Amino acid sequence: MKDSAPDWFETCVSHLTSEGTQRVWSVLVTIFGDLAQEETDQISGAVITALTSLAGIKAEATRVALHRLRKDGWIESTRKGRSSFHRLTAFGRHQSVTAAPRIYAKEAPEPGLWHVLIASNSDSSRKELADLMLTGDYISLNPATSMAPGQVPAGLEELMGVESSAISVPGWLRDLCGPEALKTAYDQFLRSTQIIDQEMPSEGAGDPMKTAILRVLIVHNWRRIVLRHPAFPAAFLPADWKGPACRAAVSQLLEKLPRPDLTSLEAELDS
Numbered sequence: 001m002k003d004s005a006p007d008w009f010e011t012c013v014s015h016l017t018s019e020g021t022q023r024v025w026s027v028l029v030t031i032f033g034d035l036a037q038e039e040t041d042q043i044s045g046a047v048i049t050a051l052t053s054l055a056g057i058k059a060e061a062t063r064v065a066l067h068r069l070r071k072d073g074w075i076e077s078t079r080k081g082r083s084s085f086h087r088l089t090a091f092g093r094h095q096s097v098t099a100a101p102r103i104y105a106k107e108a109p110e111p112g113l114w115h116v117l118i119a120s121n122s123d124s125s126r127k128e129l130a131d132l133m134l135t136g137d138y139i140s141l142n143p144a145t146s147m148a149p150g151q152v153p154a155g156l157e158e159l160m161g162v163e164s165s166a167i168s169v170p171g172w173l174r175d176l177c178g179p180e181a182l183k184t185a186y187d188q189f190l191r192s193t194q195i196i197d198q199e200m201p202s203e204g205a206g207d208p209m210k211t212a213i214l215r216v217l218i219v220h221n222w223r224r225i226v227l228r229h230p231a232f233p234a235a236f237l238p239a240d241w242k243g244p245a246c247r248a249a250v251s252q253l254l255e256k257l258p259r260p261d262l263t264s265l266e267a268e269l270d271s
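Going by the numbering used here, the residue at position 207 of the sequence shown is 207; the numbering climbs one at a time, nothing skipped.
Now the structure itself:
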């Protein structure tokens, strides 16, 4: 067993929240996506507040974030006596399920097919390309050209689409797919996971609530990075890219922090 300091949990939380002000609604999305993704899953407001307080989030900020998620159609809430319970809506579950493979897969996907879209000089053609860029699936090669994994999308009106399974990747494209700011984010996250692995007892957190919030914060930080860019294969990224090392570290930490059953979290508050 590792000889861990008495404040190992606070040390781990500190490293996972070191960027300062957190977007509380985004943390809540991760809580639901990691702990309560099934249609029948629901979490009481008391458990949510207990989890977020362990991450240094005030109860009032949690209530405001829950209200925002209800307003935006992510969650729905019901009352049982004096207690409130929250669950993902169909929209929220769809968003979570769609992102899950990118977040939890032990190996990054390797798209076998790519497509390039080329716009003309017309405003309508450029707007069609700009609208597709908003999906987050594309990388802009220049103002008139974008690229994404998979087949050319159906319904294009003014864009030229070309598919290929063989693309020559020059250095400038590697730098474009893996810019310095993103590389730095991966480097910092990898250091945080290494510190957490060193600080955390070998048997894990040993407490359902601590296990849950550590899982959530790890997944939350990982999700914020890995969903910032399309799923690029190694050939498209710089040689010193830390993405695979981060993915392996996340998988190892989540194995040490198995997803607690929601009933065990509710029971913790009643004990």
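Every residue gets a Cβ at the ideal spot worked out from N, C-alpha and C, and that includes glycine.
Source: prediction; values computed, not measured.
TODO: State whether the stretch 56–70 contacts the stretch 94–112, with contact taken as three or more CB pairs (one from each stretch) at a distance under 8 angstroms.
DONE: no
Task: Whole-angstrom C-beta distance between cysteine 246 and leucine 182, which should lie under 8 angstroms - done: The residue given as residue 182 occupies position 182 in the sequence shown. The residue given as residue 246 occupies position 246 in the sequence shown. Contact between leucine 182 and cysteine 246 is absent: CB atoms are separated by about 11 angstroms, not below the 8 angstroms threshold.
- [ ] Can you check the stretch 118–142 for any beta strand (DSSP E) of at least 3 residues that lies completely inside it and give the ranges in chain order?
- [x] 139–142
Task: Cβ-based neighbour list, leucine 262, same chain, cut-off 7 angstroms, excluding 5 preceding and 5 following - done: As a position in the sequence shown, residue 262 is number 262, starting the count at 1. Excluding positions up to five away in sequence, the list reads Leu35, Ala36, Asp41, Ile43.
Task: Beta bridge counterpart(s) of glutamate 76 as assigned by DSSP - done: As a working note, residue 76 is residue 76 in the sequence shown. In the DSSP output, where bridge partners are listed per residue, glutamate 76 has Arg87.
Task: Sufficient close CB pairs (3 or more, under 8 angstroms) joining the stretch 223–239 to the stretch 168–185 - done: yes
Task: Residue nearest to tyrosine 186 in terms of C-alpha spacing, selected from Leu227, Trp172, Ser168 - done: As a position in the sequence shown, residue 186 is number 186, starting the count at 1. Measuring from the Cα of tyrosine 186, the nearest candidate turns out to be Leu227.
- [ ] Note down, in chain order, each residue of its chain lying with its Cβ closer than 7 angstroms to the Cβ of leucine 265, except the 5 sequence neighbours on either side.
- [x] Within the sequence shown, numbered from 1, the residue matching residue 265 stands at position 265. Cβ neighbours of leucine 265 beyond the five flanking positions: Val47, Pro208, Met209, Ala212.
Task: Buried versus exposed call for alanine 5 [16 or more other C-beta atoms within 10 Å across all chains shown] - done: Here residue 5 corresponds to residue number 5 of the sequence shown, with the count starting at 1. Confidence in alanine 5 is poor, its pLDDT being 42 and thus under 50, which makes the residue's placement unreliable; the coordinate value appears in the next sentence. So alanine 5 ends up on the exposed side.
Open item on the list: What does the Cβ neighbour count give for lysine 242, buried or exposed, with the cut at 16 atoms within 10 Å?
Closed with: On the sequence shown, residue 242 is found 242 positions in, with the first residue counted as 1. Lysine 242 should be labelled buried.
- [ ] List the residues that DSSP assigns as beta-bridge partners of glutamate 163.
- [x] Stepping through the sequence shown from its first residue, residue 163 is reached at position 163. His115, per the DSSP bridge assignment.
- [ ] Determine, using beta carbons only, whether tyrosine 104 and proline 230 come nearer to each other than 9 angstroms.
- [x] As a first step, residue 104 is located in the sequence shown; it is residue number 104 there, counting from the start. As a first step, residue 230 is located in the sequence shown; it is residue number 230 there, counting from the start. Not closer than 9 angstroms, so no.
- [ ] Tell me whether the beta-carbon of glutamine 22 lies closer than 9 angstroms to the beta-carbon of alanine 55.
- [x] Taking the sequence shown and counting its residues from 1, the one referred to as residue 22 is at position 22. Taking the sequence shown and counting its residues from 1, the one referred to as residue 55 is at position 55. Yes; because the gap between Cβ atoms is below 9 angstroms, this pair is in contact.
Open item on the list: Measuring only the C-alpha atoms, how far is proline 260 from glutamate 203?
Closed with: Counting from one through the sequence shown, the residue named residue 260 turns up at place 260. Counting from one through the sequence shown, the residue named residue 203 turns up at place 203. Going by the C-alpha atoms only, they are around 15 angstroms apart.
Open item on the list: Against chain B, with Cβ distances strictly below 9 angstroms, would leucine 269 count as a contact?
Closed with: The chain inventory of the structure shown lacks chain B, comprising one protein chain alone.
Task: Other residues of its chain near isoleucine 196: CB distance less than 6 angstroms, five sequence neighbours each side excluded - done: The residue given as residue 196 occupies position 196 in the sequence shown. Excluding sequence neighbours, isoleucine 196 sits near Cys12.
Task: Distance between aspartate 131 and methionine 200 (C-alpha atoms, nearest Å) - done: The residue given as residue 200 occupies position 200 in the sequence shown. The residue given as residue 131 occupies position 131 in the sequence shown. Between methionine 200 and aspartate 131, the C-alpha separation is close to 44 angstroms.
TODO: Tell me whether the beta-carbon of leucine 69 lies closer than 9 angstroms to the beta-carbon of tryptophan 8.
DONE: Position 69 of the sequence shown, counting from 1, holds the residue named residue 69. Position 8 of the sequence shown, counting from 1, holds the residue named residue 8. No, the Cβ-Cβ distance between leucine 69 and tryptophan 8 is not below 9 angstroms.
Task: Between the CA atoms of phenylalanine 32 and arginine 82 - distance to the nearest angstrom - done: One-based indexing of the sequence shown puts residue 82 at position 82. One-based indexing of the sequence shown puts residue 32 at position 32. If I take the Cα positions, the gap works out to 21 angstroms.
- [ ] Determine the closest residue to serine 283 out of Glu107, Leu269, Ser251, Leu217, with distance taken between C-alpha atoms.
- [x] Given that the chain is displayed from residue 1 to residue 271, the structure contains no residue 283 and the question cannot be resolved.
Open item on the list: Would glycine 155 and isoleucine 118 be called neighbours here (beta carbons separated by less than 9 angstroms)?
Closed with: As a working mapping, residue 155 is identified with position 155 in the sequence shown. As a working mapping, residue 118 is identified with position 118 in the sequence shown. Cβ distance not < 9 angstroms, so glycine 155 and isoleucine 118 don't count as in contact.
Task: Reference glutamine 252, options Glu268, Ala267, Val219, Arg224, closest by Cα - done: For the purposes of this step, residue 252 is taken as the residue at position 252 of the sequence shown. The shortest C-alpha separation from glutamine 252 is found at Val219.
Task: Inter-residue CB distance, threonine 193 and alanine 249 (contact presumed, cutoff 8 angstroms) - done: Here residue 193 refers to the residue found at position 193 of the sequence shown. Here residue 249 refers to the residue found at position 249 of the sequence shown. With 8 angstroms as the limit, threonine 193 and alanine 249 qualify as a contact, their Cβ atoms being about 4 angstroms apart.
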